[in-house]
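Colleague:
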Amino acid sequence: MLKKQKIIIIVFVALFVVLTILYFAVIAPLTKDDGEETTEPVETDVGESRTPQNYWLIFPQVEREDIKSIEVHNKYGTYKFYRNKEDKFVIEGFENLAYDQEQFSQLVVSTGFTISQVKVTENPTEEQLKEYGFYDDPAYYILTTKSGTVHKVIIGYKIIAGGGYYAMYEGRKTIYVLEKSLEKVVLAPVVDMVAPLVTAGIKSNEYFNIDNFKIYHHDKLFFAAQNLTSEELKERETTALVASKVTHPGDYTPSNIYDEVRLGLVNYVGDAVVALGLTEENLKEYGLSDPPYTITYNYKDDSYKLIASEPVDGYYYVGTYLFNTIVKVPEEDFKFLSWSLLKWIDNSAFQRSITFVASIKVETPQFTETFRLTHLDKSSNPNLIVKGDLCGVIDGSDEVYNFRQFYKSLLTVQIEGEAPLTDEEKAELIANDKRCILKFTVTTLGGNVTEYGFYRYSTRRCLLTVNGVGQFYVVIDVPRKIAGSAQKVIKGETIDPQEKY
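Here the sequence shown is numbered in our numbering, starting from 550 and rising by one per residue.
1. Can you give me the Cβ contacts of VAL560 inside the same chain, cut-off strictly under 8 Å, excluding the 5 residues immediately before and after it?
2. Please report how far the alpha carbon of THR802 lies from the alpha carbon of TYR864, in whole angstroms.
3. Taking the DSSP output, what are the residues bridged to GLU620?
4. Tell me which residue opens and which closes the beta strand (DSSP E) that PRO1028 is part of.
5. In three-state DSSP terms, what is TRP893?
6. So PHE989 and ILE1031 are supposed to be a Cβ contact under 8 Å. How far apart are they, rounded?
7. Going by Cα to Cα distance, which pick from GLN915, SER779, MET742, ARG721 is closest to PRO673?
8. Considering only C-alpha positions, which residue in the set HIS700, ASP839, ASP636 is nearest to GLU597?
9. Using DSSP bridges, identify the partner residues of GLN1047.
10. Can you find the residues in the same chain that come closer than 8 Å, C-beta to C-beta, to TYR835, ignoring five residues on each side of it along the sequence?
11. Taking the C-alpha atoms as reference points, what is the distance between GLU612 and LYS637?
12. Is DSSP giving ILE708 helix, strand or coil here?
13. Output yes or no for whether 8 Å exceeds the beta carbon distance between VAL734 and GLN652.
14. Hey, TYR846 and ASN761 are a contact pair by Cβ (cut 8 Å); roughly how many whole angstroms apart?
15. ILE751 by DSSP, collapsed to three states: which one?
16. Look at the alpha carbon of TYR572 and the alpha carbon of PRO601, and state the distance between them as a whole number of angstroms.
17. What separation, rounded to the nearest whole angstrom, lies between the Cα atoms of ALA907 and TYR956?
18. Once DSSP output is grouped into helix, strand and coil, what is the label at ILE703?
19. How many Å lie between LEU860 and VAL747 at the Cα?
20. Alpha carbon to alpha carbon, what distance is there between ASN776 and LEU812?
21. Nearest by alpha-carbon distance to ALA898: which of GLY705, THR1043, PRO798 is it?
22. Could you say which of VAL726, VAL1024, ILE1039, GLN1020 lies nearest to LYS1049 if we only look at CA atoms?
23. Quick one: residues in its chain with C-beta nearer than 6 Å to the C-beta of PRO969, no 5 flanking neighbours on either side, listed in chain order?
24. Using three-state DSSP, classify PHE905 as helix, strand or coil.
25. With three or more C-beta pairs closer than 8 Å as the rule, is the region 755 to 775 touching the region 736 to 746?
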(Lines of atoms letter the chains of each structure in order from A and count residues from 1; the text may use other names and numbers.)
(Lines give C-alpha, C1' and ligand atoms only; values in the text may rest on other atoms or scores of the structure.)
Protein backbone atom coordinates (compact mmCIF):
# COMPACT_ATOMS: atom_id res chain seq x y z
CA MET A 1 0.00 0.00 0.00
CA LEU A 2 2.81 2.37 0.93
CA LYS A 3 4.67 1.60 -2.26
CA LYS A 4 1.56 2.44 -4.33
CA GLN A 5 1.20 5.84 -2.58
CA LYS A 6 4.84 6.69 -3.36
CA ILE A 7 4.26 6.03 -7.06
CA ILE A 8 1.19 8.32 -7.09
CA ILE A 9 3.14 11.10 -5.35
CA ILE A 10 5.98 10.85 -7.89
CA VAL A 11 3.51 11.09 -10.81
CA PHE A 12 1.86 14.21 -9.34
CA VAL A 13 5.24 15.88 -8.75
CA ALA A 14 6.33 15.18 -12.33
CA LEU A 15 3.01 16.54 -13.66
CA PHE A 16 3.42 19.69 -11.52
CA VAL A 17 6.92 20.28 -12.91
CA VAL A 18 5.71 19.88 -16.50
CA LEU A 19 2.78 22.27 -15.97
CA THR A 20 5.05 24.82 -14.30
CA ILE A 21 7.49 24.76 -17.22
CA LEU A 22 4.61 25.03 -19.70
CA TYR A 23 3.19 28.05 -17.88
CA PHE A 24 6.41 30.05 -17.80
CA ALA A 25 7.51 29.05 -21.30
CA VAL A 26 4.25 29.57 -23.20
CA ILE A 27 1.35 31.11 -21.31
CA ALA A 28 3.14 33.76 -19.26
CA PRO A 29 4.77 35.52 -22.25
CA LEU A 30 1.40 35.76 -23.94
CA THR A 31 -0.24 37.47 -20.98
CA LYS A 32 2.69 39.59 -19.86
CA ASP A 33 2.03 43.38 -19.77
CA ASP A 34 5.38 45.16 -20.24
CA GLY A 35 3.85 48.63 -20.59
CA GLU A 36 4.27 48.80 -24.46
CA GLU A 37 1.33 49.82 -26.74
CA THR A 38 -0.23 47.16 -28.88
CA THR A 39 -0.21 47.60 -32.71
CA GLU A 40 -3.54 48.87 -34.09
CA PRO A 41 -4.69 48.61 -37.77
CA VAL A 42 -3.43 51.58 -39.87
CA GLU A 43 -6.12 54.16 -40.51
CA THR A 44 -6.67 55.39 -44.10
CA ASP A 45 -8.12 58.61 -45.41
CA VAL A 46 -11.38 58.52 -47.32
CA GLY A 47 -10.64 57.21 -50.81
CA GLU A 48 -7.33 55.59 -49.87
CA SER A 49 -6.70 51.88 -49.66
CA ARG A 50 -3.85 49.49 -48.92
CA THR A 51 -2.31 46.83 -51.15
CA PRO A 52 -1.47 43.31 -49.90
CA GLN A 53 2.14 44.53 -49.70
CA ASN A 54 0.93 47.28 -47.36
CA TYR A 55 1.54 50.08 -49.90
CA TRP A 56 -0.83 53.01 -50.29
CA LEU A 57 -3.24 53.40 -53.19
CA ILE A 58 -4.15 57.07 -53.48
CA PHE A 59 -7.44 55.98 -55.03
CA PRO A 60 -8.77 52.56 -56.11
CA GLN A 61 -7.18 51.24 -59.29
CA VAL A 62 -9.01 52.18 -62.51
CA GLU A 63 -8.63 49.76 -65.41
CA ARG A 64 -8.42 50.90 -69.03
CA GLU A 65 -11.89 49.67 -69.90
CA ASP A 66 -13.35 51.90 -67.16
CA ILE A 67 -11.59 55.12 -68.22
CA LYS A 68 -13.52 57.84 -70.05
CA SER A 69 -10.71 60.39 -70.37
CA ILE A 70 -7.26 61.36 -69.13
CA GLU A 71 -6.25 65.02 -69.13
CA VAL A 72 -2.61 65.92 -68.50
CA HIS A 73 -1.10 69.29 -67.68
CA ASN A 74 2.65 69.81 -67.42
CA LYS A 75 5.32 72.35 -68.33
CA TYR A 76 4.92 71.47 -72.02
CA GLY A 77 1.21 72.25 -72.13
CA THR A 78 -2.11 70.46 -71.73
CA TYR A 79 -3.54 67.55 -73.68
CA LYS A 80 -6.40 65.12 -73.29
CA PHE A 81 -7.13 61.58 -74.40
CA TYR A 82 -10.81 60.73 -74.53
CA ARG A 83 -12.90 57.78 -75.64
CA ASN A 84 -14.74 58.60 -78.89
CA LYS A 85 -18.00 57.23 -80.27
CA GLU A 86 -16.15 54.25 -81.75
CA ASP A 87 -14.90 53.44 -78.23
CA LYS A 88 -11.32 54.32 -79.18
CA PHE A 89 -9.04 56.73 -77.37
CA VAL A 90 -8.10 59.80 -79.40
CA ILE A 91 -6.28 63.05 -78.66
CA GLU A 92 -8.66 65.98 -78.28
CA GLY A 93 -8.25 68.37 -81.20
CA PHE A 94 -6.09 65.86 -83.08
CA GLU A 95 -8.52 63.01 -83.48
CA ASN A 96 -6.95 61.56 -86.64
CA LEU A 97 -3.47 61.51 -85.15
CA ALA A 98 -1.78 58.14 -84.62
CA TYR A 99 -0.01 57.62 -81.30
CA ASP A 100 2.25 55.07 -79.65
CA GLN A 101 0.03 52.39 -78.10
CA GLU A 102 2.72 51.25 -75.66
CA GLN A 103 3.21 54.81 -74.43
CA PHE A 104 -0.52 55.22 -73.98
CA SER A 105 -0.71 51.96 -72.03
CA GLN A 106 1.99 53.33 -69.73
CA LEU A 107 -0.07 56.50 -69.28
CA VAL A 108 -3.08 54.39 -68.30
CA VAL A 109 -1.03 52.50 -65.70
CA SER A 110 0.69 55.60 -64.32
CA THR A 111 -2.57 57.52 -63.91
CA GLY A 112 -4.90 54.67 -62.98
CA PHE A 113 -2.70 52.72 -60.54
CA THR A 114 -1.46 55.31 -58.05
CA ILE A 115 0.68 53.24 -55.71
CA SER A 116 2.77 54.96 -53.02
CA GLN A 117 5.14 53.29 -50.59
CA VAL A 118 5.02 56.13 -48.09
CA LYS A 119 3.07 59.10 -46.89
CA VAL A 120 5.44 62.01 -46.47
CA THR A 121 3.16 64.11 -44.30
CA GLU A 122 -0.44 64.88 -43.51
CA ASN A 123 -1.87 68.37 -43.16
CA PRO A 124 1.22 70.00 -44.70
CA THR A 125 1.97 73.63 -43.98
CA GLU A 126 2.14 76.27 -46.70
CA GLU A 127 5.91 76.18 -46.38
CA GLN A 128 5.93 72.41 -46.95
CA LEU A 129 3.67 72.75 -50.00
CA LYS A 130 6.20 75.14 -51.51
CA GLU A 131 9.10 72.92 -50.50
CA TYR A 132 7.58 69.86 -52.18
CA GLY A 133 6.66 71.67 -55.42
CA PHE A 134 2.93 72.26 -55.19
CA TYR A 135 3.11 75.96 -56.00
CA ASP A 136 3.82 77.80 -59.27
CA ASP A 137 1.61 75.83 -61.69
CA PRO A 138 2.50 72.23 -60.80
CA ALA A 139 1.82 69.36 -63.16
CA TYR A 140 -1.37 67.38 -62.69
CA TYR A 141 -3.63 64.86 -64.35
CA ILE A 142 -7.36 64.33 -64.24
CA LEU A 143 -8.70 60.82 -64.76
CA THR A 144 -12.44 60.56 -65.36
CA THR A 145 -14.17 57.19 -65.24
CA LYS A 146 -17.12 56.07 -67.33
CA SER A 147 -19.28 56.30 -64.22
CA GLY A 148 -18.38 59.97 -63.81
CA THR A 149 -15.90 59.71 -60.94
CA VAL A 150 -13.13 62.30 -61.24
CA HIS A 151 -9.64 61.80 -59.81
CA LYS A 152 -7.19 64.69 -59.89
CA VAL A 153 -3.60 64.10 -58.82
CA ILE A 154 -1.12 66.97 -58.51
CA ILE A 155 2.57 66.26 -59.08
CA GLY A 156 5.30 68.08 -57.16
CA TYR A 157 9.08 67.96 -57.26
CA LYS A 158 11.20 64.85 -57.70
CA ILE A 159 12.29 63.43 -54.34
CA ILE A 160 15.91 64.01 -53.33
CA ALA A 161 16.89 60.39 -53.97
CA GLY A 162 15.42 60.67 -57.47
CA GLY A 163 13.26 57.55 -57.26
CA GLY A 164 9.86 59.20 -57.40
CA TYR A 165 7.77 62.37 -57.23
CA TYR A 166 5.77 64.03 -54.49
CA ALA A 167 2.05 63.89 -55.20
CA MET A 168 -1.25 65.04 -53.70
CA TYR A 169 -4.84 64.05 -54.35
CA GLU A 170 -7.01 67.12 -54.83
CA GLY A 171 -9.13 67.75 -51.75
CA ARG A 172 -6.94 65.59 -49.48
CA LYS A 173 -4.23 67.14 -47.30
CA THR A 174 -1.71 64.34 -47.65
CA ILE A 175 1.57 64.19 -49.54
CA TYR A 176 2.54 60.86 -51.13
CA VAL A 177 5.42 59.65 -53.28
CA LEU A 178 4.57 58.18 -56.70
CA GLU A 179 6.89 56.07 -58.83
CA LYS A 180 9.44 57.69 -61.16
CA SER A 181 7.91 56.00 -64.23
CA LEU A 182 5.25 58.69 -64.50
CA GLU A 183 7.86 61.16 -65.76
CA LYS A 184 7.93 59.32 -69.11
CA VAL A 185 4.25 60.04 -69.74
CA VAL A 186 2.58 62.43 -67.30
CA LEU A 187 5.56 64.81 -67.19
CA ALA A 188 6.61 64.37 -70.84
CA PRO A 189 5.39 66.34 -73.88
CA VAL A 190 2.50 64.78 -75.72
CA VAL A 191 4.58 64.76 -78.92
CA ASP A 192 6.63 61.94 -77.37
CA MET A 193 3.53 59.77 -77.67
CA VAL A 194 2.62 60.75 -81.23
CA ALA A 195 3.73 58.72 -84.26
CA PRO A 196 5.84 60.98 -86.56
CA LEU A 197 3.69 60.43 -89.65
CA VAL A 198 4.11 62.94 -92.46
CA THR A 199 1.80 61.29 -95.00
CA ALA A 200 -0.66 58.40 -94.92
CA GLY A 201 -3.64 56.91 -96.67
CA ILE A 202 -1.93 55.92 -99.94
CA LYS A 203 -1.06 52.36 -100.91
CA SER A 204 2.53 51.93 -102.05
CA ASN A 205 1.42 50.17 -105.23
CA GLU A 206 -0.80 53.14 -106.11
CA TYR A 207 1.76 55.93 -105.84
CA PHE A 208 1.26 56.65 -109.55
CA ASN A 209 -2.22 57.94 -108.70
CA ILE A 210 -0.63 60.91 -106.95
CA ASP A 211 -1.61 63.76 -109.25
CA ASN A 212 -1.32 67.55 -109.61
CA PHE A 213 2.02 67.50 -107.84
CA LYS A 214 3.53 70.94 -107.16
CA ILE A 215 6.56 72.35 -105.38
CA TYR A 216 6.75 76.00 -104.38
CA HIS A 217 9.81 77.96 -103.33
CA HIS A 218 8.25 80.36 -100.85
CA ASP A 219 5.15 81.50 -102.77
CA LYS A 220 6.59 80.99 -106.27
CA LEU A 221 5.72 77.87 -108.23
CA PHE A 222 8.92 75.95 -108.95
CA PHE A 223 7.77 72.65 -110.47
CA ALA A 224 4.43 71.11 -111.39
CA ALA A 225 3.41 67.82 -112.96
CA GLN A 226 0.22 65.92 -113.56
CA ASN A 227 -0.83 62.54 -114.85
CA LEU A 228 -1.47 62.11 -118.55
CA THR A 229 -5.00 61.71 -119.78
CA SER A 230 -5.82 58.49 -121.60
CA GLU A 231 -5.57 60.33 -124.93
CA GLU A 232 -2.21 61.89 -124.03
CA LEU A 233 -0.94 58.54 -122.88
CA LYS A 234 -1.70 57.04 -126.27
CA GLU A 235 0.18 59.85 -127.98
CA ARG A 236 3.30 59.09 -125.97
CA GLU A 237 2.95 55.33 -125.59
CA THR A 238 6.14 54.50 -127.48
CA THR A 239 8.29 57.33 -126.16
CA ALA A 240 7.20 58.42 -122.68
CA LEU A 241 9.22 57.19 -119.70
CA VAL A 242 6.45 57.94 -117.20
CA ALA A 243 2.69 58.38 -117.48
CA SER A 244 2.94 62.01 -116.41
CA LYS A 245 3.82 65.38 -117.87
CA VAL A 246 5.44 68.49 -116.50
CA THR A 247 3.13 71.52 -116.59
CA HIS A 248 5.56 74.04 -115.08
CA PRO A 249 7.90 75.53 -116.15
CA GLY A 250 6.65 74.09 -119.45
CA ASP A 251 5.30 71.04 -121.19
CA TYR A 252 8.10 68.55 -120.61
CA THR A 253 8.38 64.92 -119.65
CA PRO A 254 9.41 64.37 -116.02
CA SER A 255 12.48 62.30 -115.28
CA ASN A 256 12.16 58.95 -113.52
CA ILE A 257 13.09 60.76 -110.29
CA TYR A 258 9.56 62.17 -110.23
CA ASP A 259 8.20 58.67 -109.68
CA GLU A 260 10.82 58.01 -107.01
CA VAL A 261 9.72 61.10 -105.10
CA ARG A 262 6.05 60.16 -105.35
CA LEU A 263 6.81 56.67 -104.10
CA GLY A 264 8.87 58.10 -101.25
CA LEU A 265 5.96 60.27 -100.12
CA VAL A 266 3.68 57.26 -99.63
CA ASN A 267 3.08 56.78 -95.90
CA TYR A 268 6.30 58.59 -95.01
CA VAL A 269 7.38 58.54 -91.34
CA GLY A 270 9.88 61.05 -89.95
CA ASP A 271 12.09 60.90 -86.88
CA ALA A 272 9.95 62.69 -84.30
CA VAL A 273 6.98 65.00 -83.84
CA VAL A 274 8.20 68.31 -82.44
CA ALA A 275 4.91 70.23 -82.24
CA LEU A 276 1.17 69.67 -82.34
CA GLY A 277 -0.79 72.31 -84.19
CA LEU A 278 0.35 74.56 -87.03
CA THR A 279 -0.04 77.65 -84.87
CA GLU A 280 1.74 80.93 -85.57
CA GLU A 281 3.99 80.30 -82.58
CA ASN A 282 4.98 76.80 -83.73
CA LEU A 283 5.46 77.89 -87.34
CA LYS A 284 7.74 80.71 -86.25
CA GLU A 285 9.78 78.47 -83.95
CA TYR A 286 10.53 75.96 -86.72
CA GLY A 287 11.13 78.36 -89.61
CA LEU A 288 7.76 77.85 -91.28
CA SER A 289 6.07 81.25 -90.98
CA ASP A 290 7.02 81.93 -94.59
CA PRO A 291 7.72 78.33 -95.61
CA PRO A 292 10.77 78.02 -97.89
CA TYR A 293 9.17 74.97 -99.49
CA THR A 294 5.58 73.88 -100.04
CA ILE A 295 4.45 70.58 -101.56
CA THR A 296 0.87 69.96 -102.68
CA TYR A 297 -0.68 67.00 -104.48
CA ASN A 298 -3.89 65.07 -104.89
CA TYR A 299 -4.64 61.41 -104.41
CA LYS A 300 -8.04 60.43 -105.75
CA ASP A 301 -10.45 62.77 -103.91
CA ASP A 302 -8.02 63.85 -101.19
CA SER A 303 -5.66 66.84 -101.17
CA TYR A 304 -2.34 66.90 -99.34
CA LYS A 305 -0.16 69.82 -98.29
CA LEU A 306 3.28 69.85 -96.69
CA ILE A 307 5.46 72.80 -95.78
CA ALA A 308 9.17 72.52 -95.04
CA SER A 309 11.86 74.66 -93.48
CA GLU A 310 15.38 75.13 -94.69
CA PRO A 311 17.58 72.26 -93.46
CA VAL A 312 18.92 72.79 -89.94
CA ASP A 313 21.67 70.56 -88.52
CA GLY A 314 20.86 67.79 -90.97
CA TYR A 315 17.07 67.96 -90.62
CA TYR A 316 14.05 69.55 -92.23
CA TYR A 317 11.05 70.53 -90.13
CA VAL A 318 7.97 69.52 -92.09
CA GLY A 319 4.48 70.74 -91.31
CA THR A 320 1.78 68.32 -92.38
CA TYR A 321 -1.76 69.63 -92.78
CA LEU A 322 -3.14 66.10 -92.75
CA PHE A 323 -2.15 65.60 -89.12
CA ASN A 324 -1.71 69.25 -88.06
CA THR A 325 1.78 68.51 -86.75
CA ILE A 326 5.40 69.49 -87.33
CA VAL A 327 7.75 66.55 -87.84
CA LYS A 328 11.54 66.36 -87.75
CA VAL A 329 12.72 64.76 -91.01
CA PRO A 330 16.28 63.72 -92.01
CA GLU A 331 17.65 66.03 -94.70
CA GLU A 332 18.60 63.02 -96.83
CA ASP A 333 14.94 61.95 -97.12
CA PHE A 334 13.75 65.34 -98.41
CA LYS A 335 16.85 66.31 -100.37
CA PHE A 336 14.69 66.59 -103.49
CA LEU A 337 13.59 70.00 -102.19
CA SER A 338 17.02 71.42 -103.04
CA TRP A 339 17.26 69.86 -106.50
CA SER A 340 17.49 72.05 -109.59
CA LEU A 341 14.76 71.94 -112.21
CA LEU A 342 17.03 70.01 -114.53
CA LYS A 343 16.90 67.01 -112.21
CA TRP A 344 13.11 66.87 -112.50
CA ILE A 345 13.01 67.08 -116.30
CA ASP A 346 13.79 64.28 -118.72
CA ASN A 347 16.53 65.34 -121.16
CA SER A 348 14.40 64.39 -124.16
CA ALA A 349 12.35 67.52 -124.73
CA PHE A 350 10.08 66.09 -127.42
CA GLN A 351 8.35 62.75 -126.89
CA ARG A 352 5.44 61.96 -129.19
CA SER A 353 4.59 58.88 -131.20
CA ILE A 354 4.25 59.80 -134.90
CA THR A 355 1.17 57.58 -135.04
CA PHE A 356 -0.81 60.23 -133.16
CA VAL A 357 0.55 63.33 -134.91
CA ALA A 358 -1.80 65.24 -137.21
CA SER A 359 0.55 67.97 -138.41
CA ILE A 360 3.99 69.52 -137.97
CA LYS A 361 4.64 73.16 -138.81
CA VAL A 362 8.30 74.11 -139.30
CA GLU A 363 9.36 77.78 -139.33
CA THR A 364 12.88 79.02 -140.08
CA PRO A 365 14.23 82.34 -141.40
CA GLN A 366 14.49 80.64 -144.82
CA PHE A 367 11.11 78.83 -145.12
CA THR A 368 7.85 77.83 -143.48
CA GLU A 369 6.31 74.44 -144.16
CA THR A 370 3.38 72.52 -142.69
CA PHE A 371 3.41 68.74 -142.99
CA ARG A 372 -0.08 67.21 -142.70
CA LEU A 373 -0.07 63.52 -141.83
CA THR A 374 -2.69 60.98 -142.84
CA HIS A 375 -2.57 57.58 -141.12
CA LEU A 376 -4.35 55.01 -143.27
CA ASP A 377 -3.58 51.94 -141.20
CA LYS A 378 -3.25 51.83 -137.41
CA SER A 379 -1.98 48.27 -137.30
CA SER A 380 1.55 47.37 -136.30
CA ASN A 381 2.81 48.54 -139.72
CA PRO A 382 0.88 51.76 -140.36
CA ASN A 383 0.91 53.43 -143.74
CA LEU A 384 1.54 57.14 -143.87
CA ILE A 385 0.85 59.89 -146.37
CA VAL A 386 2.29 63.36 -145.89
CA LYS A 387 1.09 66.50 -147.64
CA GLY A 388 3.00 69.77 -147.50
CA ASP A 389 2.52 73.26 -148.89
CA LEU A 390 6.01 73.13 -150.40
CA CYS A 391 6.83 69.45 -150.67
CA GLY A 392 3.51 68.30 -152.12
CA VAL A 393 2.39 64.71 -151.48
CA ILE A 394 4.75 62.19 -149.93
CA ASP A 395 3.38 58.67 -150.28
CA GLY A 396 6.13 56.49 -151.72
CA SER A 397 7.91 54.12 -149.38
CA ASP A 398 11.30 55.78 -149.83
CA GLU A 399 9.87 59.26 -149.42
CA VAL A 400 7.89 58.25 -146.32
CA TYR A 401 11.01 56.63 -144.87
CA ASN A 402 12.88 59.88 -145.50
CA PHE A 403 10.15 61.82 -143.71
CA ARG A 404 10.42 59.47 -140.75
CA GLN A 405 14.14 60.34 -140.57
CA PHE A 406 13.12 63.97 -140.30
CA TYR A 407 10.70 63.06 -137.51
CA LYS A 408 13.49 61.25 -135.68
CA SER A 409 15.45 64.49 -135.68
CA LEU A 410 12.67 66.01 -133.56
CA LEU A 411 13.11 63.22 -131.04
CA THR A 412 16.81 64.09 -130.68
CA VAL A 413 16.16 67.42 -128.96
CA GLN A 414 18.20 67.01 -125.79
CA ILE A 415 18.14 69.46 -122.89
CA GLU A 416 21.69 70.22 -121.76
CA GLY A 417 21.09 72.45 -118.76
CA GLU A 418 19.37 75.54 -117.39
CA ALA A 419 19.93 78.69 -119.43
CA PRO A 420 21.95 81.21 -117.36
CA LEU A 421 19.56 84.04 -118.15
CA THR A 422 17.35 86.22 -116.00
CA ASP A 423 13.61 86.35 -116.61
CA GLU A 424 14.06 89.78 -118.21
CA GLU A 425 16.80 88.50 -120.50
CA LYS A 426 14.68 85.54 -121.55
CA ALA A 427 11.71 87.76 -122.33
CA GLU A 428 13.89 90.10 -124.39
CA LEU A 429 15.44 87.19 -126.27
CA ILE A 430 12.09 85.57 -127.10
CA ALA A 431 10.71 88.90 -128.32
CA ASN A 432 13.54 89.21 -130.86
CA ASP A 433 12.53 87.25 -133.98
CA LYS A 434 16.01 87.65 -135.41
CA ARG A 435 17.33 85.39 -132.64
CA CYS A 436 14.89 82.60 -133.51
CA ILE A 437 16.65 79.87 -135.47
CA LEU A 438 13.70 77.48 -135.59
CA LYS A 439 10.15 76.86 -134.45
CA PHE A 440 8.22 73.67 -134.91
CA THR A 441 4.63 73.19 -133.84
CA VAL A 442 3.13 69.73 -133.37
CA THR A 443 -0.63 69.15 -133.42
CA THR A 444 -1.85 65.72 -132.34
CA LEU A 445 -4.89 63.83 -133.56
CA GLY A 446 -6.46 64.65 -130.20
CA GLY A 447 -6.06 68.37 -130.86
CA ASN A 448 -3.15 69.08 -128.49
CA VAL A 449 -0.85 71.79 -129.85
CA THR A 450 2.73 72.28 -128.66
CA GLU A 451 5.19 74.83 -130.01
CA TYR A 452 8.96 74.46 -129.62
CA GLY A 453 11.20 77.47 -130.21
CA PHE A 454 15.00 77.83 -130.38
CA TYR A 455 16.56 81.24 -129.65
CA ARG A 456 20.30 81.69 -129.97
CA TYR A 457 21.95 83.56 -127.09
CA SER A 458 25.57 82.46 -127.66
CA THR A 459 27.64 80.90 -130.41
CA ARG A 460 26.93 77.38 -129.15
CA ARG A 461 23.67 77.57 -127.23
CA CYS A 462 19.99 78.20 -127.82
CA LEU A 463 17.21 78.88 -125.34
CA LEU A 464 14.55 76.21 -125.79
CA THR A 465 10.97 77.42 -125.36
CA VAL A 466 7.88 75.27 -125.03
CA ASN A 467 4.68 77.16 -125.78
CA GLY A 468 6.57 80.41 -125.33
CA VAL A 469 8.19 79.59 -121.99
CA GLY A 470 11.95 79.08 -121.79
CA GLN A 471 14.03 77.58 -119.01
CA PHE A 472 16.65 75.29 -120.57
CA TYR A 473 19.20 75.40 -123.34
CA VAL A 474 20.19 73.04 -126.15
CA VAL A 475 23.26 73.08 -128.35
CA ILE A 476 22.81 75.05 -131.56
CA ASP A 477 23.41 71.98 -133.75
CA VAL A 478 20.01 70.56 -132.73
CA PRO A 479 17.74 73.16 -134.37
CA ARG A 480 20.09 73.39 -137.35
CA LYS A 481 19.78 69.65 -137.94
CA ILE A 482 15.97 69.76 -137.69
CA ALA A 483 15.78 72.68 -140.12
CA GLY A 484 18.21 70.98 -142.51
CA SER A 485 16.26 67.70 -142.43
CA ALA A 486 12.98 69.51 -143.09
CA GLN A 487 14.52 71.29 -146.05
CA LYS A 488 15.73 67.98 -147.50
CA VAL A 489 12.20 66.58 -147.25
CA ILE A 490 10.88 69.62 -149.10
CA LYS A 491 13.48 69.23 -151.83
CA GLY A 492 13.10 65.45 -152.02
CA GLU A 493 16.69 64.86 -150.92
CA THR A 494 17.78 61.89 -148.82
CA ILE A 495 18.46 62.60 -145.16
CA ASP A 496 21.71 61.27 -143.75
CA PRO A 497 21.16 60.71 -140.01
CA GLN A 498 24.93 61.01 -139.43
CA GLU A 499 25.27 64.31 -141.26
CA LYS A 500 26.26 67.31 -139.14
CA TYR A 501 24.90 70.79 -139.60
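For each residue, glycine too, the CB sits at the ideal point set by N, CA and C.
Modeller: A quick look at the data gives this:
1. On the sequence shown, residue 560 is found 11 positions in, with the first residue counted as 1. Low confidence applies here, because VAL560 scores a pLDDT of 43, under 50, leaving its location unreliable and the question unanswered by this model.
2. Counting from 1 along the sequence shown, the entry for residue 802 is found at position 253. Counting from 1 along the sequence shown, the entry for residue 864 is found at position 315. Straight-line Cα distance between these residues: approximately 30 Å.
3. Sequence index remark: in the sequence shown, residue 620 carries index 71 (1-based). Answer is LYS629, ILE691.
4. By one-based count along the sequence shown, residue 1028 stands at place 479. Careful: PRO1028 lies outside any beta strand (DSSP E), inside the alpha helix (DSSP H) at 1026 to 1040.
5. Reading the sequence shown from its first residue, position 344 is the one you call residue 893. Reduced to three states, the DSSP call for TRP893 is helix.
6. Counting from 1 along the sequence shown, the entry for residue 989 is found at position 440. Counting from 1 along the sequence shown, the entry for residue 1031 is found at position 482. PHE989 to ILE1031, Cβ: 7 Å. Contact.
7. Counting from one through the sequence shown, the residue named residue 673 turns up at place 124. Per the Cα distances, ARG721.
8. Here residue 597 refers to the residue found at position 48 of the sequence shown. GLU597 has its Cα closest to that of HIS700, out of HIS700, ASP839, ASP636.
9. Sequence index remark: in the sequence shown, residue 1047 carries index 498 (1-based). DSSP output for GLN1047 lists no bridge partner at all.
10. Counted from its first residue, the sequence shown places residue 835 at position 286. Excluding residues within five positions, the ones whose Cβ falls inside 8 Å are VAL823, ALA824, SER858, TYR866, GLY868, ILE875.
11. Numbered from its first residue, the sequence shown carries residue 612 at position 63. Numbered from its first residue, the sequence shown carries residue 637 at position 88. Straight-line Cα distance between these residues: approximately 15 Å.
12. Within the sequence shown, residue 708 is the residue found at index 159, counting from 1. It is coil, neither helix nor strand.
13. Translated into the one-based positions of the sequence shown, residue 734 becomes position 185. Translated into the one-based positions of the sequence shown, residue 652 becomes position 103. In this structure, GLN652 lies closer than 8 Å to VAL734 by Cβ.
14. Translated into positions along the sequence shown, residue 846 becomes position 297. Translated into positions along the sequence shown, residue 761 becomes position 212. Yes, they are in contact, since the Cβ atoms of TYR846 and ASN761 sit about 6 Å apart, within 8 Å.
15. On the sequence shown, position 202 is the one that residue 751 refers to. If DSSP states are grouped into helix, strand and coil, ILE751 belongs with coil.
16. Taking the first residue of the sequence shown as position 1, residue 572 is located at position 23. Taking the first residue of the sequence shown as position 1, residue 601 is located at position 52. Low confidence applies to TYR572: its pLDDT is 44, below 50, so where it sits in the model is not reliable, and the reading given next is rough at best. The alpha-carbon atoms of TYR572 and PRO601 are separated by roughly 36 Å.
17. The residue you call residue 907 lines up with position 358 of the sequence shown. The residue you call residue 956 lines up with position 407 of the sequence shown. Roughly 13 Å separates the two Cα atoms.
18. The residue labelled residue 703 in the question sits at position 154 within the sequence shown. ILE703 carries a strand assignment under DSSP once its states are collapsed to helix, strand and coil.
19. Position 311 of the sequence shown, counting from 1, holds the residue named residue 860. Position 198 of the sequence shown, counting from 1, holds the residue named residue 747. As written in the sequence, residue 860 is Pro, which differs from the Leu given in the question. Approximately 16 Å between the Cα atoms of the pair.
20. Counting from 1 along the sequence shown, the entry for residue 812 is found at position 263. Counting from 1 along the sequence shown, the entry for residue 776 is found at position 227. As the crow flies, the alpha-carbon of LEU812 is around 14 Å from that of ASN776.
21. Numbered from its first residue, the sequence shown carries residue 898 at position 349. Ranking GLY705, THR1043, PRO798 by Cα distance to ALA898 puts PRO798 first.
22. Counting from 1 along the sequence shown, the entry for residue 1049 is found at position 500. For LYS1049, the nearest C-alpha among the options comes from VAL1024.
23. As a position in the sequence shown, residue 969 is number 420, starting the count at 1. Correct list: empty, nothing qualifies.
24. Within the sequence shown, residue 905 is the residue found at index 356, counting from 1. Correct three-state label for PHE905: helix.
25. A contact is defined here as three or more CB-CB pairs under 8 Å, and the region 736 to 746 fails this definition with respect to the region 755 to 775.
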